[in-house]
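Numbering (this note's numbering), first residue to last: 7 to 113.
Glycine residues also receive a C-beta, built at the ideal position from the N, C-alpha and C atoms.
If you're wondering where the values come from, they're calculated on a predicted model, not measured in any experiment.
Report on the structure given below.
Have a look at this one:
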């Protein structure tokens, strides 16, 4: 579940607002978006994935809000994006996924 939009890191690009499939965020004029409907978050990580500055933290548990402090979450911000290799200076991990072999066998 989305827990944090860091006002310190966020550039107010609003990519996360547009990437969210369940409309969790509200636009805020001149500032970072607001988590307006946290309970609607499906923990899909799309907002965290598309954030170009790693300003978001999505807790892996979708059951309930975690009340995570930003200082504690800072090392985890953008960790999903890093894990799959999105972003400058990162190596994509898709080539390590062998699930495509299942599709090749079906043909």
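Could you give the distance in angstroms between the alpha-carbon of residue 81 and the alpha-carbon of residue 8? Locating residue 81 in the chain shown gives position 75, counting from the first residue. Locating residue 8 in the chain shown gives position 2, counting from the first residue. About 15 Å.
What residues in its chain sit with their C-beta under 7 Å from that of residue 92, if we drop five residues either side in the sequence? As a working mapping, residue 92 is identified with position 86 in the chain shown. If we look at residue 92 and ignore the five residues flanking it on each side, its Cβ neighbours are 55.
Sequence-distant residues of its chain with Cβ nearer than 6 Å to residue 79 (five each side left out): Your numbering for residue 79 matches position 73 in the chain shown. The residues are 10, 63.
Cβ neighbours of residue 97 in the same chain (closer than 6 Å, five flanking residues each side left out): Counting from one through the chain shown, the residue named residue 97 turns up at place 91. The residues are 91.
Expected contact under 8 Å - CB spacing of residue 12 and residue 76 to nearest Å: For this step, residue 12 is matched to residue 6 along the chain shown. For this step, residue 76 is matched to residue 70 along the chain shown. Between residue 76 and residue 12 the Cβ distance is about 6 Å, and since that is below 8 Å, they are a contact.
In the structure shown, what three-state DSSP assignment does residue 60 receive? Taking the chain shown and counting its residues from 1, one reaches residue 60 at position 54. Coil, per DSSP.
Check whether the Cβ atoms of residue 50 and residue 22 lie closer than 8 Å to each other. Walking along the chain shown from the start, residue 50 turns up at place 44. Walking along the chain shown from the start, residue 22 turns up at place 16. Taking 8 Å as the Cβ cut-off, residue 50 and residue 22 do not qualify as a contacting pair.
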